[in-house]
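Novice:
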Amino acid sequence: MSDSKNIEKYDDVLTSILVNEKSILGFLSTIFNFLARRTDFYYVPENKYENMGFPPGVAEELVLKVLRSCDPKNYKTTSGKNRPATAEINNEIMCNTVAHEVEVVSEDDISDTKDTEGHGLCKDSHVQDSVKQPNDSNNFPEDYEPPVIPVQKNSESYNGAVRENYSWSQTIMELDVTVKLQPNTKSKDLKVFINNGDINVQYRNGDVILKDSLPYKIKASDSVWSISEGKLLIHLDKVQERWWDRLLSNEEPIDLSKIDASRPLDELPEDHIAKVRELQWNQEQKLKGLPTSDEIRNMDILKRAWNADGSPFKGKEFDPSVLQFQ
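Taking the working numbering, I'd label the letters of the sequence shown as residues 1493 to 1818.
This is how it looks when you write it as C-alpha cells:
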C-alpha cells in the first residue's frame, strides 16, 4: 500500500466521485463497478492455467484485507505499541495469487518492502484477521499447493497492447489510450484532434506524438482526454460492438483469441440478461432438487389441459404421475 503522501495525490479525483455520488455506498459502487467493467477482478477462472481473475473467494478476502489494513485502529505506532494483534487472511492462497498484484503493508514496513516478489511481500504483510476459520493452522493439508494464477498486470493494456510511446485497452464498446508525454507537459502544451476515423496528438510546436487513422469508427463527439501523472489519457466510444485487433491502422494486430472477451452482465441486451438470470436460477433450483422454470411452465400447461373440455381427467384431482409422455 502506498504511504499517505502518495495516496493523497488521488484525493481530488476521489473527492469528485464522492461529491457526485453523495454517499459512501454510491462511492463504493462506482469503484467496484469500475473493477467489474475494466478489470478481471470479478472473474473466477475455470482452471489454474487461465490467465486472469482470482480463485473463488480470493477477491472477497483481498477486499477484507485492504479494508482492515486501512482502518486507523490498525495503524502501527512509531514505538510499535498498542497495535492490535494481527494475522494474515488465508495467507497461503494470497501469497500465490495476488501478492504480485497488490501490495498491502503497514506504514513501518513500507521502507523495507522493495522487493515485490510474492513470498517476500506476504512475509511482511500483516492485517487484522477478518475471516474466522476453524483450526486455522490445519486449514490446508501439508502437501497443499495453492494455485498460481497469472493475471494481466498492466490495466493500461488490458485486452489491448503496449507500444513504444503509448498503450491501449478496450472493452466491447470502449477504448482507453495512455500516451507518454515529456516531463511537465500541461494540457495547454498539446493539440489533440479526434475524429470519427482518425486521431492526431501533437505538441504546440508541431512535434507529432500520435497520428494515424483508426481501423473502425468511433463516436468523436463523446471522446474525452486529460493529463494525469505525466500521461495523456484518452477515452473513446466505439460505434460498433466489436473487439479491435489494433488501435491504429498501421499498428501490429493482437491475437483476439487470447483476450478476455467476457462482458459484464449489465452490458448485455435486456433479453440476454433475463435469459442468463433464468439459467442461474434454474441451476440453483437443480442444486436444491426443485423444479426449473421449464418444468414449472410444463406443469402449468398440464394442469390447464387436465381440466380442459374433452379431457378424460376433467373434474378429478390433478395427478401428473398418471400421464405418459412419448
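Quick reminder that beta carbons are idealized off the backbone N, C-alpha and C, glycines included.
Please report the straight-line C-alpha distance between A1800 and M1791, rounded to a whole angstrom.
Specialist: So the alpha carbons of these two residues sit roughly 14 Å apart.
Novice: Would DSSP call A1753 helix, strand or coil?
Specialist: Three-state DSSP puts A1753 in coil, outside helix and strand.
Novice: Would you kindly work out how many angstroms separate the C-alpha atoms of N1774 and P1783, rounded to a whole number?
Specialist: Cα-Cα distance, rounded: 8 Å.
Novice: Candidates S1705, E1743 and C1562: which alpha carbon is nearest V1654's?
Specialist: It is E1743.
Novice: Considering only residues of the same chain and omitting the five flanking positions on each side of G1652, which have a CB-CB separation below 6 Å?
Specialist: Excluding residues within five positions, the ones whose Cβ falls inside 6 Å are W1660, S1661 and Q1662.
Novice: Using only CA atoms, which one of Y1502, L1673, L1556 and I1509 lies nearest to R1696?
Specialist: Selected option, being the one with the closest Cα: L1673.
Novice: I think I1726 touches V1671, with their Cβ atoms under 8 Å apart; what is that distance to the nearest whole Å?
Specialist: Their Cβ separation, rounded to whole angstroms, is 7 Å, which keeps I1726 and V1671 in contact under 8 Å.
Novice: Should I1499 go down as buried or exposed, given a rule of 16 or more other Cβ atoms within 10 Å for buried?
Specialist: The residue is exposed, with fewer than 16 neighbouring Cβ atoms inside 10 Å.
Novice: Nearest by alpha-carbon distance to I1825: which of I1691, K1709, P1707 and Y1708 is it?
Specialist: In the structure as shown, the chain begins at 1493 and stops at 1818. Residue 1825 is therefore absent and cannot be evaluated.
Novice: Where does the unbroken alpha helix (DSSP H) through K1723 begin, and where does it stop?
Specialist: It is not in any alpha helix (DSSP H) - K1723 instead sits in the beta strand (DSSP E) that spans K1723 to D1729.
Novice: DSSP three-state call for Y1695: helix, strand or coil?
Specialist: Residue state, collapsed to three classes: strand.
Novice: Once the 5 residues before and after P1675 are set aside, which same chain residues still bring their CB inside 8 Å of it?
Specialist: Around P1675: G1722.
Novice: State buried or exposed for E1553, treating a residue as buried only when at least 16 other CB atoms are found within 10 Å of its CB.
Specialist: Buried.
Novice: Looking at the structure shown, is F1546 part of a helix, part of a strand, or coil, going by DSSP?
Specialist: The answer is coil: DSSP assigns F1546 none of H, G, I, E or B.
Novice: Which of the three DSSP states, helix, strand or coil, is assigned to Y1534?
Specialist: Note: Y1534 maps to coil in three-state DSSP.
Novice: Buried or exposed for A1753, please, with buried defined as at least 16 other CB atoms from any protein chain shown within 10 angstroms of its CB.
Specialist: Burial call: exposed.
Novice: For V1731, count neighbouring C-beta atoms within 10 Å of its own C-beta (all shown protein chains included) and say buried if the count is 16 or more, exposed if not.
Specialist: So V1731 counts as exposed.
Novice: If G1689 and K1709 are in contact, beta carbons under 8 Å, what's the gap, nearest whole angstrom?
Specialist: Their Cβ separation, rounded to whole angstroms, is 6 Å, which keeps G1689 and K1709 in contact under 8 Å.
Novice: Looking only at DSSP bridge pairs, what is W1736 linked to?
Specialist: Paired residue(s): none; W1736 is not in a bridge.
Novice: Assuming N1728 and E1666 make a contact with CB atoms under 8 Å, what is their CB distance in whole Å?
Specialist: In the sequence as presented, Asn is not what sits at residue 1728; that position holds Leu. Between E1666 and L1728 the Cβ distance is about 7 Å, and since that is below 8 Å, they are a contact.
Novice: For D1737 and D1704, I'd like the C-alpha separation in whole angstroms.
Specialist: Those two C-alpha atoms are separated by around 15 Å.
Novice: Let me know the secondary structure DSSP gives A1551 once reduced to three states.
Specialist: Helix, per DSSP.
Novice: Quick one: what's got a C-beta closer than 7 Å to S1803's C-beta in the same chain, skipping five residues either side?
Specialist: Cβ within range, chain order: A1797.
Novice: Return the CA-CA distance between A1766 and Q1772, expressed in angstroms with no decimal places.
Specialist: Those two C-alpha atoms are separated by around 10 Å.
Novice: Pick out whichever of T1531, V1550 and F1546 has its Cα sitting closest to the Cα of P1537.
Specialist: Selected option, being the one with the closest Cα: F1546.
Novice: Would F1533 and L1527 qualify as a contact pair, given that the criterion is a beta-carbon distance under 9 Å?
Specialist: A contact, by the Cβ cut-off of 9 Å.
Novice: Pick out whichever of S1715, V1814, L1517 and E1770 has its Cα sitting closest to the Cα of R1789.
Specialist: Nearest option by C-alpha distance: E1770.
Novice: At which residue ranges does the region 1746 to 1812 contain complete alpha helix (DSSP H) runs of 4 or more residues, listed in the order of the chain?
Specialist: With a minimum length of 4 residues, the continuous alpha helix (DSSP H) runs that stay inside the region 1746 to 1812 are 1762 to 1779 and 1785 to 1798.
Novice: To which residues of the same chain is P1812 closer than 8 Å at the C-beta, ignoring the five residues directly before and after it?
Specialist: Result list for P1812: M1791 and L1794, in chain order.
Novice: In whole angstroms, what separates the C-alpha of K1683 from that of Q1777?
Specialist: Approximately 58 Å between the Cα atoms of the pair.
Novice: Can you say whether V1505 is buried or exposed, counting buried as having 16 or more other CB atoms within 10 angstroms of its CB?
Specialist: Classification for V1505: exposed.
Novice: Considering S1508, what are the terminal residues of the alpha helix (DSSP H) in which it resides?
Specialist: Start and end: D1503 to E1513.
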